[in-house]
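Heads up: the structure comes next, in structure tokens.
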Amino acid sequence: MADDTTASHRRDPIKSSVGSVAGQRRRQNAITVGKERRESLVRAKRLCRVGTNGDSVDPLDSEMIIDEEQPILEAQTSAAVEELKSAAAHQGKGAWQKRVSALRELRRLLSRSEFPPVDAALKAGAVPLLVQCLSFGSPDEQLLEAAWCLTNIAAGKPEETKALLPALPLLIAYLGEKSSAPVAEQCAWAIGNVAGEGEELRNVLLSQGALPPLARMMLPDKGSTVRTAAWALSNLIKGPNPKAANELIRVEGVLDAIIRHLRKADDELATEVAWVVVYLSALSNIATSMLVKSDVLQLLVERLATSNSLQLLIPVLRSLGNLIAGDSQTTHAIIAPGNEITGNIIEVLVKCLRSEHRVLKKEAAWVLSNIAAGSIEHKQLIYSSEAVPLLIRLLSTAPFDIRKEVAYVLGNLCVSPITPTEGDGKPSLILEHLVSLVVRGCLPGFIDLVSSVDTEAARVGLQFMELVLRGMPNGEGPKLVEKENGIEAMERFQFHENEDLRIMANSLVDKYFGEDYGLDD
Amino acid sequence: MEWNPQDLHTLSQCFVNTLSPSPEPRRQAEAILADFSQKPNYGLAVLRLVAEPSVAEEIRQAASVNFKNHLKARWAPAPNNSDEPRILDAEKDQIKALIVTLMLNATPKIQGQLSEALVLIGKHDFPRLWPTLLPELIGSLHKASQAGNYASVNGILGTANSIFKKFRYEYKTNDLLYDLKYCLDNFAGTLLEIFLKTANLIESAANAGGGNAEALKPLFESQRLCCRIFFSLNFQELPEFFEDHMNEWMTEQRKYLANSYPALENSADGLAVVDELRSAVCENINLYMEKNEEEFQAYLNGFALAVWNLLTTVSQASSRDQLAVTAIKFLTTVSTSVHHNLFAGDGVIPQICQGIVIPNVRLRDEDEELFDMNYIEFIRRDMEGSDLDTRRRIACELLKGIATNYKPQVTNLVSVQIQNLLTSFAANPSENWKDKDCAIYLVVSLATKRAGGTSVTTDLVDVQNFFGTVIVPELQSQDVNGYPMLKAGALKFFTMFRNHIPKPMTLQFFPDLIRFLRAESNVVHSYAASCIEKLLLVKDEGGQARYTSVDISPVLPQLMTNLFEALKVPESEENQYVMKCIMRVLGVADISREIVGPCITGLTSILNKACENPKNPVFNHYVFESVAVLVKRACGKDASLISIFEINLFPSIQKILVEDVQEFYPYALQLLAQLVELNRPPIPQSYMQIFPMLLSPDSWRKASNVPALVRLLQAFLQKAPHELNQEGRLRQVLEISNKLVSARSTDEQGFYVLNTVVESLDFNVIAPYIGQIWSALFTVLQSRQTGKFIKCLLIFMSLFLVKHGSTNLVDSVNSIQANLFLMILGQFWIPNLTLITGVIETKLTAVASTRLLCESQMLLDAAAVEHWGKLLNNIVTLLSRTEQDRVEEDPEMPEFSENVGYSATFIRLHNAGKTEDDPLKDIRDAKEFLVTSLARLSALSPGRYPQIISQYVEPTNQAELLRLCNSYNCQIV
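Protein chains in written order, with my numbering: chain A, 313 to 833; chain B, 223 to 1195.
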């Protein structure tokens, strides 16, 4: 008796450690150290080469001399700042024309090259002058040129962006409805660049009240302004603190504007808006639940189905994934099997899995893994879709990061959902799915993950191996695992520094391949 | 407290004494230090001593070791079961403020200790609780680098490397990424700066004619550390900074693989320094290849070429193993990646096979040396898969990697190679024996596992044919000591392919295997033992053992003799392979009286020798298992043999218990328990002398002894209940169980004792104590509602009921306080009944509950109908639903790792194990028992129960009850 109670402890030693992740939704990490894989453009900061209202481009600028020697450009820039200095000091008749033309010269120099002479401008003392040029009551043309100069200074290196600090209150002030559209947009651009620099500057902008006026700029339908504002906002609410995202979704009209733009806008604007949705859904639970209840899911799916623009597809897919990873109850109600949208979602995800683009494949697999963490019906839906053969192939042929995401999908397909009443952490198996996936050759792919250098991938691999060991009928599990060199893969963890993996692997080895005393009578 | 100069002097004197060669002052000093270390600011005081230049170096060294250990024990928050004082925050802050500077200025040995101490602190405090560390390190690094002080640079980089290592193994959580981002933001730029600066210094030295080795060495060491930090910082994902600067990083790293540095490489251990850097580079590119192959692609060809060239020039010298292994590993990663077509070119695979694989698989002088000098390490690598870091193994892994995409080419190529090697051997066996070894190694290493557990297969050769022509000649060689490495290879092949060799053929060579047990080579007789051991585990289709006692009977005496003889060969005195074989043979063979005598004498003498100085725990375990299996199987056949065992084993067991040989203590108790259980009462008097030890609270103090003590106590309770009830022993037993139950970590063990008490003793014996038992248990219940405790208590009460009747149970509980039982029933028993798991436990609690339901007057009373109904409802739930459906997670449940696994020192002896006893053997089916009992009860007052049932039992359970009645043909009227 007594011993048996101990035995019942031991019977499923790894159940909690193995079960808990498979079957769970995974949100993407809020903090990232890698490059943002947005698109080929440098997204976070943008140089303004062509004016926001298009017509302020001088004929001369259109033949930009890109090859101009950098030292010459720098010397010209220093001279231009000097010129601006004297123009700013100049009072009286023709003063503002003088200022505007000095500003324009500086702006042209700062817009000419891929590598604008920001350093020279700063050293010559451009920022205080530009701030001065932003003073209230200045004519629009002057404001525009000054903001443009600041925009391109902010597009530079981190410390160059930081140099804008004294200009921020004024730039924010011109975002309001009282400014002319081109001025407001140029200021939004400059602010977008500052926000793109990092958390510290974002916090400064937020504390100075940049968010509400920027958000209101998203409400109209005018393309260019909305696009710039949306882009700047997406930089501003990046977090990792969710406060800004929470604030944005509460601004009246923003949700409606997002829906409207996603429904009607061209790809370019939709792309920027989708990035706003990405950060809203990644960071704010309130936003997520509001978005899920709106038409946004539907619109995202339509965009995915109809567009071929990678720039657009990436944020749209990411948004869809965030929403599905987020508010599970609502999501489940909407993407219930049988609803039209559910079939459409699977269809667009299959499209993405088939795509040439690595990012799309990876993110589509991630979204599927979260749907596969849902109810039995969701699992069956994916299981019987076209996704499965694709996933199986990807598991053995795709690059590492995709294989890892695919493993989460396939693993989730094989475990029952954990309901509150049986939350002992040990998911029960969906035997039919497990057997079929194993027969179709999935196991080696998972064992490869166990052997990989990535700890999370190893964990998924071990979890799947546990399912195989426990679940395959007729005790086939251990044989299959041994055949595919699973024991060796696990033995790597015998003394691993990651305690969780070490215990999982060691207990699996002990339990299924332990010492065979062979003496049982 | 403040430490005054006098205290510091005392401290310093203590450290002097800890170095004393005579034990007395040493122990005393250690005791004083242990005492001091309880006081606040002790760590700080020791650190001051370490920093005090006027104190002698060796004292400061001793103090620095003590400081590190003090931090290790007391920096982190206390584990649950410890009340050792922690270092206070104020003291921690002071230590953190001092340690970096102290470390950097210390002499090398002290620096090592302080660096370890710093890493210990960093583990808990870095970065969030120690924001000044990284800026301080970076500042010092810049200063040292500017001054060209590479001793300092490397000290700082080494520390940084240790602190960043956590990024290599922890899970990617937001917290970890936050820390990583912090490190990247602050350190990545500096790291690259230092790396490039050092690279320039190396390059200009090379351009200026090579430079001198002593000056170059620290530069290469510095680059190695930078590369290791690179590895840590890049492990989780590719950071933006490193992606932006990939070109700088990769360009320099490739140089170290492609260039040679004669000035350094030709100096003493200079080559090793360069190779270590090269290995670090290989690790880095391997990481990129695995995880960031897209971004890395532009550099792949350059690196592949550099690695390839490097491998063709890396000599066989063992000093370059590490480099060869990491370099081949990189090629292996490439071979299985999406860029495997690098290998598709004409002639690439044959070149790899000939230029890289075969040379690395061939035996080297170092392998021969290892074979002779350190057989355990040789076997670990050769046979047990601990060779992941050997050239032989990794070369085979490369072949397997290439074969994932180019299987036919690889198979053909290797088959031909194997034939060539064998032909070469045949031409001149004594000269070319290593070719044969190489051939055997290739076949064994490239064998693929077959579904079917232990079986392997190969498509390189025909196994039976290869066995007959290549292996058998070695097995039949009359000289067991000639060409021992070939013999070992042959035995290994036999072991690996044992399932393929037909039984008659195996039996034909069985005597040869026994012969090889007498080989002088430790590896050879170990492999022979291992081969026999594994053969005895071979199962045919259907799970039947292929070899049985009949097959080994004819050779058994010779086999046992040779096994015990093998243990006399120098170095094999504690040979675990031989001992395991002994255990296995005793588990299979027919144990006759003739075998018992020599075996128990042999084993006892080994045991006694092991007691002197327990060294090899695996060997020791098999010794005890062998004894246990011998006892079990011999007495199973002939109970009278027990006295032989008692005579032989008692002195050894006594020695272990009296001399307190900790390693063997739990084993000895388990053997004793086994002997007690095999005895027929009355138990011989000789056992009674164990009681004082068993019942002394001292014995129970050590947690690792508790399970074995419980096991022994249970054995005595069952076999000698009468003796236990004498001289106040029962009271002592109950005190022990009480103590065990009251501690969370041992409560289960306590219940095991209690269960055995109520199971083995009559009620009138227990009656005087039972009231106290209940009060103690219910007191614990009020404060500890863990699932484990609840289950144990419910099982205990159930067991009490089925052994001593419901009236005794109810009355004894109520004797503490009127109507207590009804309260316990309603608040504890009924709600928790559905949580019971385990077949025996479920049956027991269900039957006990049923009896309570149908026998207890208290429950049959009209006032108790609600309890009655709910109890019935939960009995039906318990019996009709699966465990998964009704049992919820118990968040309090300790992780299994606390109970079993790798830290526990208690190791169960499989062969001395207790057989599970069902306390209710006469009741076959709890469901049947339920419905027949209910039918009988309801017949006494028809009409009463259906009404209660419809009121209190859930509809689904009502239906289930009805179904049960139908299937057992009963009726509740």
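Ideal Cβ placement from N, Cα and C applies to all residues, glycine included.
| request: Could you list which residues in chain A have their beta carbon closer than 9 Å to that of Leu509 of chain B, in chain order? | output: Val765
| Which residues, in order along the stretch 689–714 of chain A, keep a beta-carbon less than 8 Å from a beta-carbon of chain B? | Thr709, Ala710, Pro711, Phe712, Asp713
| How long is the line joining the alpha carbons of Arg1006 of chain B and Cys1014 of chain B, rounded to whole angstroms? | 12 Å
| said: Could you compute how far the alpha carbon of Gln409 of chain A sits from the alpha carbon of Trp543 of chain A? | reply: Those two C-alpha atoms are separated by around 32 Å.
| Within 8 Å, strictly: CB atoms of Leu632 of chain A and Leu665 of chain A | no
| said: If I measure Cβ to Cβ from Arg752 of chain A and keep anything under 6 Å in the same chain, skipping five residues before and after, which residues do I get? | reply: Ile704
| Where does Lys837 of chain B sit, in a helix, a strand or coil, going by DSSP? | coil
| So Ile822 of chain B packs on Phe867 of chain B, CB below 8 Å; how close in whole Å? | Contact flag correct, Cβ pair sits at about 6 Å.
| query | Taking DSSP as the reference, what is the three-state secondary structure of Arg815 of chain B? | reply | helix
| Through-space distance from Phe525 of chain B to Val495 of chain B, alpha-carbon basis | 20 Å
| query | Looking at the structure shown, is Thr670 of chain B part of a helix, part of a strand, or coil, going by DSSP? | reply | strand
| query | Based on the DSSP output, what are the partners of Leu741 of chain A in its beta bridges? | reply | A:Val727
| Supposed contact pair Pro711 of chain A and Val560 of chain B - C-beta distance, whole angstroms, cut 8 Å | 6 Å
| said: Quick check: Asp533 of chain A and Ile571 of chain A, are their CB atoms within less than 8 Å of each other? | reply: no
| query | Looking at Thr1099 of chain B and Thr1056 of chain B, is the spacing between their C-beta atoms short of 8 Å? | reply | yes
| request: Out of B:Ile736, B:Ser501, B:Ala1086, B:Glu970, point me to the one whose CA is closest to Thr548 of chain B's CA. | output: B:Ser501
| Closest Cβ-Cβ distance between Leu1092 of chain B and chain A: below 8 Å? | Checking the sequence shown, residue 1092 of chain B turns out to be Lys, not Leu. No, Lys1092 of chain B lies away from the interface with chain A (no Cβ there is under 8 Å from its Cβ).
| field | chain B contacts from the stretch 624–640 of chain A (Cβ-Cβ distance under 7 Å) | value | none
| message | Is the beta carbon of Leu668 of chain B closer than 8 Å to that of Thr1221 of chain B? | response | Lying before the first or after the last residue shown, residue 1221 of chain B is absent from chain B, which here runs from 223 to 1195.
| Residue closest to Gln892 of chain B, alpha-carbon to alpha-carbon, out of B:Pro262, B:Thr534, B:Glu847 | B:Glu847
| said: On the criterion of 16 or more Cβ atoms from any shown chain inside 10 Å, does Phe886 of chain B qualify as buried, or is it exposed? | reply: buried
| said: For the alpha helix (DSSP H) containing Leu326 of chain B, name the first residue and the last one. | reply: 311–327
| task | Let me know the secondary structure DSSP gives Lys656 of chain B once reduced to three states. | result | helix
| said: Bridge partners for Lys761 of chain B per DSSP, in chain order? | reply: B:Ala767
| message | Quick check on Gln896 of chain B: does DSSP put it in helix, strand or coil? | response | helix
| query | CA-CA distance, Arg814 of chain A and Met802 of chain A? | reply | 9 Å
| Would you say Ala599 of chain A and Ile561 of chain A are within 8 Å of each other, going by their C-beta atoms? | At a Cβ-Cβ threshold of 8 Å, Ala599 of chain A and Ile561 of chain A count as neighbours.
| Beta-carbon proximity list for Phe825 of chain A, same chain, < 6 Å, skipping 5 on both sides | Ile799
| task | Name the two residues that bound the continuous alpha helix (DSSP H) containing Asp760 of chain A. | result | 755–762
| message | Alpha carbons only, please: which of B:Phe1050, B:Leu527, B:Ile360 is nearest the one belonging to Ala382 of chain B? | response | B:Ile360
| task | Report all residues from its chain with a CB closer than 7 Å to the CB of Ala676 of chain A; omit the five preceding and five following residues, and keep chain order. | result | Leu629, Leu661, Cys664, Leu665
| Considering only C-alpha positions, which residue in the set B:Ile574, B:Glu246, B:Val536 is nearest to Ala546 of chain B? | B:Val536
| task | Counting only the same chain and skipping the five closest in sequence on each side, list residues whose C-beta sits under 8 Å from that of Ile484 of chain A. | result | Cys499, Ile503, Leu517, Gln520, Gly521, Ala522, Pro525
| query | Would Glu559 of chain A be called buried (16 or more neighbouring beta carbons within 10 Å of its own) or exposed? | reply | buried
| said: Measuring straight from C-alpha to C-alpha, what distance separates His1132 of chain B and Ile1012 of chain B? | reply: 29 Å
| field | Residue from B:Ser1020, B:Ser259, B:Glu1088 whose Cα sits closest to the Cα of Arg1073 of chain B | value | B:Ser1020
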